[in-house]
Amino acid sequence: MKSLIQPVIAVILLSMTMPLLANDLLMVRTSQTFPEAMLALQTSIKEHGYNITRVQRIDVGLTGKGYKTDKYRVVFVGKPEEIKYLVDKYPVLAAFMPPQISIFAEEEDTVLITANPSIYADMIDDEKDKVIFRRWESDVYSVFDDLRNAAAE
Amino acid sequence: MRMRIYIFLVALLFSVNADSAPHGDQLYVTHCSSCHGLDGMGGVGVPIALTSFLNSVSNEFLKKTIRHGRPGRIMPAFAYLSDAQLVAIVKYIRSWSDKPAPVEDTTTIVGDRKRGQQLFTKYCIRCHGEDGRGGQGTGVTLSRKRDLPIIAPALNNPGFLAAASDVMIRDTIMLGREGTPMTSMLVAGLSEEDINDIVSYIRSWQKSSIESIQMDRHARQEPPVIVMDSPYGLDETVENLKQAIIDQNFTLIRVDYLEHGLVEEGKENKKQVVVHFCNFDFLFHALAIDPRVGMFLPCRVTIIEKDGKVQLSTINPKRLSKLFNNQELDQACDEMYGVYSKLLEDATL
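Protein sequences, first through last, are from chains A and B.
Anchor point for the first sequence: position 102 equals 101 in numbering that gives the first Met the number 0, and the numbering is continuous, going up by one each time.
Anchor point for the second sequence: position 134 equals 133 in numbering that gives the first Met the number 0, and the numbering is continuous, going up by one each time.
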């Protein structure tokens, strides 16, 4: 019986935070300015236990080449032991690791977008490991909720 | 006792998923606002809070648009939302207008298609494109001037044709859409008969059911990565790749370890290398087509040495483009697929 309770609790908790069927892309818009949203994103990512491995300044690169663009960054995130485990076991995932979140300004708002981690789960067979991506997905929803809540404060 | 807990948890699960009185405002924020804006005035997606738009489309049109989306034109199909959730979202969108929703009229408009084609070519093609393929770019982000409120919709899109009635199309052509470049064609000098002919021509683009088109689009699955084995050692392969990147007119951004930033500097796995590079012209073009695509940029190739074998891999742009439901992006990603394949080939020759 004990073995049944834990999965049931997990399903309940996941169902409370996710749409019934997932989108391939996860997006959120916040009324925060770009710097505010970027700070809130970085704070929430760290609070969820992930490292920010790099921030790619797409806008700076484009502007440097003479293109006009609004603020646009790509944030690379991951947990060391999980990335190491997944890349070692599933070479097909190496090209996608660590995962990225795009953040860009849209007039006064800021938009964030990332691939639903479930698309990585579709690339592997081991059901036990797919749980990792379901947790990542849940964490993305939670991070995006943090941004919505930060904007509401 | 444990059985009671189990029964309670299962009951809780069903109560959580029970769809009691969905809140349109919350559903809109969750599913729509990231593209259409918190106030409905557009962004990645088109503005839907325009008074002239809301006053000319029925609730059925809005519901069908959300349900079927616009295949290949960014707007996804929200097949997983319940009917009650769709109604709630539409009710919320409708709250932006103080006028009641037009009642859907499904009367078939009869006209002369051939004559309609001639009139379409003369009056409509400049904005709506050849064969009604619509304007390029997305919403107001990056791809176009922010003072332009809307891009011309793709009238040949199966999602549009499934959602719009003949009468809605006719009324839009007759009256125009205030606040957009769409002007009244009656004012422009066309007769009602002319407009019926154009409607008939537009309707002739509807060939298959929307469901079959959506299934066909999802059926074409590409492998997620492009992979190539290298006959060279890790270092030599990295150098070959760097040279291939330069030869293909890309800018080499950096070479680092896959574990950079994940572990303490100096303790990374030295057998896992990532080469980042960019063609800024292509990047700018891609972001103009779809600003969301940046989450897979800049371009990168991962090189891993394992058990004495060296393998290069990169994302397959053709697979990724399917995530975005953007036909324009599909074309750019097809081009990028060729570039990536050539880079990997050159590095392993």
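By construction, the Cβ of each residue, glycine as well, lies at the ideal position given by its N, Cα and C atoms.
| Asked | Found |
| --- | --- |
| Measure from the alpha carbon of B/Arg176 to the alpha carbon of each residue in B/Ile47, B/Val109, B/His275, then state which is nearest. | B/Ile47 |
| The region 256–269 of chain B: which residues have C-beta closer than 9 angstroms to a C-beta of chain A, in chain order? | Leu257, Glu258, His259, Gly260, Leu261, Val262, Asn268 |
| Which residues in the same chain as A/Ala149 place their Cβ atom closer than 6 angstroms to its Cβ, once the five residues preceding and following it in sequence are excluded? | Ala39 |
| Among the residues of its own chain, which have a CB less than 6 angstroms from the CB of B/Lys62, if the five just before and after it don't count? | Leu85, Val89 |
| Candidates A/Val59, A/Glu80, A/Val86, A/Glu81: which alpha carbon is nearest A/Val73's? | A/Val59 |
| With 8 angstroms as the C-beta to C-beta threshold (strictly closer), list the residues of the region 48–73 of chain B near chain A in chain order. | none |
| Determine which residues share a DSSP beta bridge with B/Arg299 and list them. | B/His275 |
| From B/Ile109 to B/Thr120, what does the alpha carbon distance come to, in whole angstroms? | According to the sequence shown, residue 109 of chain B is Val rather than Ile. Going by the C-alpha atoms only, they are around 19 angstroms apart. |
| Please tell me whether B/Leu296 has its Cβ less than 8 angstroms away from any Cβ of chain A. | yes |
| With a threshold of 8 angstroms between beta carbons, is A/Lys70 in contact with chain B? | no |
| Can you tell me whether DSSP reads B/Val309 as helix, strand or coil? | strand |
| Comparing C-alpha positions only, which one of B/Thr313, B/Gln220, B/Thr179, B/Glu327 sits nearest to B/Leu343? | B/Thr313 |
| Output, in chain order, the set of chain B residues within a Cβ distance shorter than 9 angstroms of A/Ile82. | Leu257, Glu258, Leu261 |
| Can you check whether the C-beta of A/Ile112 is within less than 8 angstroms of a C-beta belonging to chain B? | yes |
| Using beta-carbon positions only, say whether B/Leu80 and B/Ile65 come within less than 8 angstroms of one another. | yes |
| Between the beta-carbon of B/His275 and the beta-carbon of B/Arg253, is there less than 8 angstroms? | yes |
| For A/Ala114, count neighbouring C-beta atoms within 10 Å of its own C-beta (all shown protein chains included) and say buried if the count is 16 or more, exposed if not. | buried |
| Does any C-beta atom of chain B lie closer than 8 angstroms to the C-beta of A/Val142? | no |
| For the alpha helix (DSSP H) that A/Ala114 lies in, which residues bound it at each end? | No alpha helix (DSSP H) holds A/Ala114; the beta strand (DSSP E) holding it covers 108–114. |
| Leaving out five residues on either side along the sequence, give the residues of the same chain with a beta carbon under 7 angstroms from the beta carbon of B/Tyr336. | Asn315, Pro316, Lys317 |
| When the distance is taken between beta carbons, is B/Phe60 closer than 8 angstroms to B/Glu103? | yes |
| Skipping 5 residues on each side, what residues in its chain have a beta carbon closer than 6 angstroms to that of B/His67? | Ala76, Gly158, Ala161, Ile209 |
| Where does A/Ala104 fall in DSSP's three states? | strand |
| Taking B/Thr50 as part of the alpha helix (DSSP H), name the residues at either end of that continuous run. | 50–53 |
| Answer with yes or no whether the minimum CB distance from B/Thr179 to chain A is below 8 angstroms. | no |
| Using 8 angstroms as the Cβ pair cut-off and three pairs as the minimum, do the region 125–133 of chain B and the region 92–99 of chain B touch? | no |
| Between which residues of its own chain and A/Ser30 is the CB-CB distance below 6 angstroms, once the five residues before and five after are set aside? | Asp108, Ala150 |
| For B/Ile201, count the other beta carbons within 10 Å of its own beta carbon; 16 or more makes it buried, fewer makes it exposed. Which is it? | buried |
| According to the Cβ coordinates, are A/Pro79 and B/Val262 closer than 8 angstroms? | yes |
| Residues bridged to B/Gly39 by DSSP? | Paired residue(s): none; B/Gly39 is not in a bridge. |
| Alpha carbon to alpha carbon, what distance is there between B/Ile197 and B/Arg112? | 7 angstroms |
| If B/Asp107 and B/Asp165 are in contact, beta carbons under 8 angstroms, what's the gap, nearest whole angstrom? | The sequence given here places Thr at residue 107 of chain B; Asp does not occur at that position. Indeed, because the Cβ distance is near 6 angstroms, the residues count as touching under 8 angstroms. |
| If we ignore side chains and look at the alpha-carbon of each, how far apart do B/Gln242 and B/Val338 end up? | 14 angstroms |
| Taking 8 angstroms as the threshold (C-beta atoms), are B/Thr301 and A/Ala36 in contact? | no |
| In terms of residues, what are the limits of the alpha helix (DSSP H) holding B/Arg93? | 82–93 |
| Closer than 9 angstroms by beta-carbon distance: list the chain A residues that pair up with B/Arg112, in chain order. | Within 9 angstroms Cβ-Cβ: nothing; B/Arg112 doesn't reach chain A, min ~37 angstroms. |
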